[in-house]
Every structure is written in C-alpha cells, then in structure tokens.
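What follows is a short report on a single structure.
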Amino acid sequence: MANKLFITDTILRDAHQSQAATRMRLEDMLPACEALDKAGYWSLECWGGATFDSCMRFLGEDPWVRLRALKEAMPNTKLQMLFRGQNILGYKHYADDVVEAFVKKSIENGIQVIRIFDALNDPRNLEQAIKATKKYQDKYGAICEPAISFTTSPVHNDEYFVDLAVQLEKMGADVICIKDMANLLLPYNAYELVKKMKQAVNVPIHLHTHNTTGTGDMVYLKAAEAGVDIIDTALSPLANGTAQPATESIVATLQGTERDTGLNLEVLAEAANHFKKIADKLKAEKILDPKVLNVDPKTLLYQVPGGMLSNLLSQLKQANAEDKYFDVLAEVPRVRKDFGYPPLVTPTSQIVGTQAVFNILMGERYKMVTKESKALLRGEYGKLPAPVNEEVRKKAIGDDEVITCRPADLIEPELDKYREQYKDIAKSDEDVLSLALFPQVAEKFINQRDAAPVEDEVRTIYVDDAAL
Ligand code: CO
120 MANKLFITDT
130 ILRDAHQSQA
140 ATRMRLEDML
150 PACEALDKAG
160 YWSLECWGGA
170 TFDSCMRFLG
180 EDPWVRLRAL
190 KEAMPNTKLQ
200 MLFRGQNILG
210 YKHYADDVVE
220 AFVKKSIENG
230 IQVIRIFDAL
240 NDPRNLEQAI
250 KATKKYQDKY
260 GAICEPAISF
270 TTSPVHNDEY
280 FVDLAVQLEK
290 MGADVICIKD
300 MANLLLPYNA
310 YELVKKMKQA
320 VNVPIHLHTH
330 NTTGTGDMVY
340 LKAAEAGVDI
350 IDTALSPLAN
360 GTAQPATESI
370 VATLQGTERD
380 TGLNLEVLAE
390 AANHFKKIAD
400 KLKAEKILDP
410 KVLNVDPKTL
420 LYQVPGGMLS
430 NLLSQLKQAN
440 AEDKYFDVLA
450 EVPRVRKDFG
460 YPPLVTPTSQ
470 IVGTQAVFNI
480 LMGERYKMVT
490 KESKALLRGE
500 YGKLPAPVNE
510 EVRKKAIGDD
520 EVITCRPADL
530 IEPELDKYRE
540 QYKDIAKSDE
550 DVLSLALFPQ
560 VAEKFINQRD
570 AAPVEDEVRT
580 IYVDDAAL
C-alpha cells in the first residue's frame, strides 16, 4: 500500500515506564515475542529510557542480556531505543567517546532504531549521538532518529519546530520524531505541524504522544490525515492514560482507508492476551495504580506534565505544605519563563519544579537557588530556547561565567578512565558502560550477578559477552 501508516509499539518500553514504573521483566516479555515479531510493526520500542537503570536497580537483570534476548526472539522486527543525547541514559553530560561507545554497543547488541532527544532541543547535545549512529549505520543498518521535544511557550511555535526539523535533517536524521511527552499537542495543532514539517523535510516524520489528557487518539488521527509516516502506540493492556493510545483502536480505525496500517488484529490480540496477564500481575503487585489510566486535564490547564504534578505534591507533603500546591503550580510557569522556557522533560521538569517549590516555601523568589538551577542558568545543560531573566540569573550565579560552547566540548575523553577504574569488576565493555552510567547501581548489580550461580544458558551469554 502506497500510503500505509507505520506503527511502533511501545509495550516493551514507554507503556510500562509510564504506567508501571518500568517494572516489566524479560520473562514477562518473551512469551509474546513470537506474536510481536509477526505483527508487522515498523519497530518495537524496547530499550533505553528508564529500562536500563530499572533492570539493574529493581529487577536484577542485565540490560544488555535483555537486549540480546529480545533480538534473538524477534529477528524480523527493528528494535528501537530511547537515547537522551549527550546524557546517554544517565543524568549528566558524558564525553564524546563514551557516547560513541554506547551507541556502538547498543547497535552491536541488537538496536536498529536510535531515537535521540535533548531536553532543551539544543542540537549540539544531539550531535555526537547522531554522528556515532551514522558511523555504525553502514555496518549494521541502524536508523538515526533525532527527536524534537514538544512543548508550548511564546517561542515554541510551528516555525520553531519546523526550523529545528530542517536542521536535524541536515545533521543526518533518517527519520525525525516529534516527541510529545506530556500530551500537550492538540489534534488540530498536530495536523498543522505535521503538514508544515512534511513540506519542509524529505525524511519520514514519526509522532510520539501519550493519552494523559485524553486527546492522544485524536492527535494520531489528525496527524495521519496530515500525512505523518509513523506513530507510537501501545497494545491495549498497558495503553492509554499516561501511556500511548492503544494500537488495536488505531489499527481498526484506519482499516480499509488509505492510511491502513496493514497490521492484523488477530495477531495483535494474541500478543495482547499475554500482556493482559502481565498488566493484571502488575496491578496485583500494586506497581500499576489504575489512577494513571484516568484522563488528567490539569496538564492542559497548567502545561505541566502529569508525572511532574505528582512529584510537586510529594515534595510539598514532605515539607508539610500541601496547602501551597496551587501557589507552586502558578509559580512553575514563572520560573520556566525566567529560565528561558525549557521544555519540561527530564531533567528540566525536576529543576524547574523544585525551584518553584523553593520560591514559594521560602517566601522570597530565588532566595534559595538549587545547584541544578544554577547549572542550567550557567548554560551547562546547553542553550536555553529563549533569553533568560538576567536579574534572576545575576541573583542566582552572580558574575559566574556563562557557557556558550557545546557543553561536551569541556569534557575530556573518559572511556579509558572508566575502563581502568572498573577493570576489576567489569567483564566486558558493556559492563564498563553500565558502570559509567550508574556507578553504585551497576557495581552492586554486577557483584551480585557474578557471585550467583548461573544456569548454563545464561553462562553462555556471558562468555559471548566477553568476546564482543
Ligand atoms: Co513517551
């Protein structure tokens, strides 16, 4: 079909990260892989984001072993990961050589689509991950998919996003993603934005949204009418609410139209039957709270992502100041404006939210400024989308120098340093990268892994691991 709408299913990554604290295990995934592999998806998002940390911290799983097992179980489907630009999967900027090594190992272990985003949409923070993906592309056929973090503000209009897309295409994007992490994109805006972007770039457009505010399905339908190439959905048992709209609903809606997805509802039902059991188990374990399935229109009202609202509430509870909730909600957009309108996504959502809490609780704005707020105002996270409030910056960092170069230019190569530092624990370069990203968590995990008696099958995997 000439104009088929392609589908990426997020059931193995974003769906359970959004609804169940990223707690789905490999053993919960494998029984459905045969059905998933024959469903005909464009890709399956299954790695990166919070899965890497969660594997080692909570599940006692080696994230690299999970990736190889999924690739083996789904040889016909492209596996996709979410990569946080220069932060990789961690929370600080890493040196270019670490970014390159991580991209290389991800591809070698089975990833074929790398979605790369930056909280500030500073293309310089995407540059090295894009370059690395392109470098290993010929050898392994990986697809480089830089993402635009969608948000709303006086500077974030269609023109801003289209310019960014043009820039990303020039940098080597094979596909461009519009990443609407908070479901702030509305259906008719989605139609306009996709139309304009399709006119400005030649590469396919991949749209990612959630159903937090209840508009997700409509966003996808309008985007499909505007010619979007690929969309992200989740199989029904973990779909909707804070996760993606349901795959089956969109597939059924478009059947017989010119945007027919070509996916077979019976095969999808086979996979969904399995994940229904997993969703029930996560509910019984109280990991999945059905509250996340409710439509949350507050996000549209305050332009604050759902996850951030619950963080603010718990910070205020700890300070016995729950009565200040609405004051803090009103302060968030003011802080965001002072800081040059960063999109609210990890880590900027935490930085802006925490600063708003301090501004209200201290009774004076910026009397107390967090370390992270200072770093953001110093340019350490990259270029902010709009000019900052200079009075606030002065109060926060005094006469400190503001960085205007690419932040990673200030970081010396680190890979050999990490190899040396972890030579007694790491069994492979994959281990070195796990340790570089999550030092305490990975060290504890690897020590336990290597102390435990392993079954023959698992042992074989570790031997292969050392040879990579
Ligand atoms: Co998402």
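According to this note's numbering, the sequence shown is numbered sequentially starting from 120.
Quick reminder that beta carbons are idealized off the backbone N, C-alpha and C, glycines included.
All of these numbers come straight from a predicted model, not from anything done at the bench.
Tell me the DSSP secondary structure of residue i in three-state form.
i	result
I522	coil
E426	Looking at the sequence provided, one finds Gly at residue 426 rather than Glu. Here G426 sits in helix by DSSP.
W183	helix
P323	coil
E576	With a pLDDT of only 48 at E576, under 50, the local geometry of the prediction cannot be trusted, and no value is derived from it.
A438	coil
A220	helix
I406	coil
K211	coil
A134	helix
D457	helix
K298	strand
P265	strand
V447	helix
R203	coil
S162	strand
I235	strand
T349	Thr is not the amino acid found at residue 349; the sequence shown has Ile there. Residue state, collapsed to three classes: strand.
A139	coil
D128	strand
Could you name the residues of the same chain whose beta carbon sits closer than 8 angstroms to that of residue i, not counting the 5 residues immediately before and after it, in chain order?
i	result
I522	R497, G498, E499 and L529
F171	P182, L208, S553, L556 and F557
E367	L354, S355, L384, L387, A388 and A391
P416	T332 and G333
Return yes when at least one heavy atom of the ligand CO lies under 6 angstroms from the C-beta of residue i, else no.
i	result
D336	no
M316	no
M300	yes
D133	yes
Could you give the distance in angstroms between the alpha-carbon of residue i and the alpha-carbon of residue j?
i	j	result
K224	E246	18 angstroms
D548	I565	13 angstroms
R176	N228	21 angstroms
K542	T196	35 angstroms
E203	L428	Sequence check: residue 203 is Arg here, not Glu. Each residue's alpha carbon lies about 22 angstroms from the other.
S492	A301	22 angstroms
G501	R234	19 angstroms
V222	K443	44 angstroms
T361	M337	15 angstroms
K436	N430	10 angstroms
G472	E311	30 angstroms
M316	F477	39 angstroms
G168	I470	19 angstroms
E219	T252	8 angstroms
E531	Q540	16 angstroms
L340	G381	16 angstroms
Y255	A261	7 angstroms
I462	F280	According to the sequence provided, residue 462 is Pro. The question's Ile does not apply to it. Their backbone Cα atoms lie some 12 angstroms apart in a straight line.
A248	G482	42 angstroms
V577	G375	Any answer about V577 is weak, because its pLDDT of 46 lies below 50 and its placement is not dependable; what the coordinates show is given next. About 46 angstroms.
K410	D133	17 angstroms
E562	S137	27 angstroms
E278	W161	28 angstroms
V414	A139	17 angstroms
What residue from the options has the CA that sits closest to residue i's CA?
i	options	result
K190	N206, E153 and I479	E153
A527	A358, N244 and R187	N244
L303	I249, K314, H327 and D216	H327
F236	I295, D518 and K253	I295
K514	E531, T489, G472 and Y537	T489
L131	F477, I397 and D415	I397
D128	F445, V414 and A151	A151
T271	Y421, K563 and A570	Y421
A292	E278, N276, I267 and K314	I267
P452	L178, L283, P409 and V423	V423
A188	L401, L407, D399 and M148	M148
V217	D257, M200 and K250	K250
Y210	A238, L198 and V184	A238
P506	Y460, T465, K536 and M487	Y460
R525	P242, A192, L373 and S433	P242
Starting from the C-beta of residue i, find all residues in its chain whose C-beta is less than 7 angstroms away, skip the five residues before and the five after it, and write them out in chain order.
i	result
N122	E377 and R378
N359	N330, A365 and L412
A438	L480
I516	K493, L496 and R497
Taking 6 angstroms as the line, does the beta carbon of residue i fall inside it for any heavy atom of the ligand FAD?
i	result
L529	For the ligand FAD, the structure offers nothing, since it holds only the ligand CO.
Got a sec? Which residues, its chain only, sit under 6 angstroms from residue i by beta carbon, not counting five neighbours each side?
i	result
A585	Residue placement at A585 is flagged as unreliable, the pLDDT there being 32, under the threshold of 50; the coordinate-derived value follows with that caveat. The residues are K546 and S547.
Y213	I207
Any Cβ of chain D within less than 7 angstroms of the Cβ of residue i?
i	result
I349	Here chain D cannot be found, since the structure has a single protein chain.
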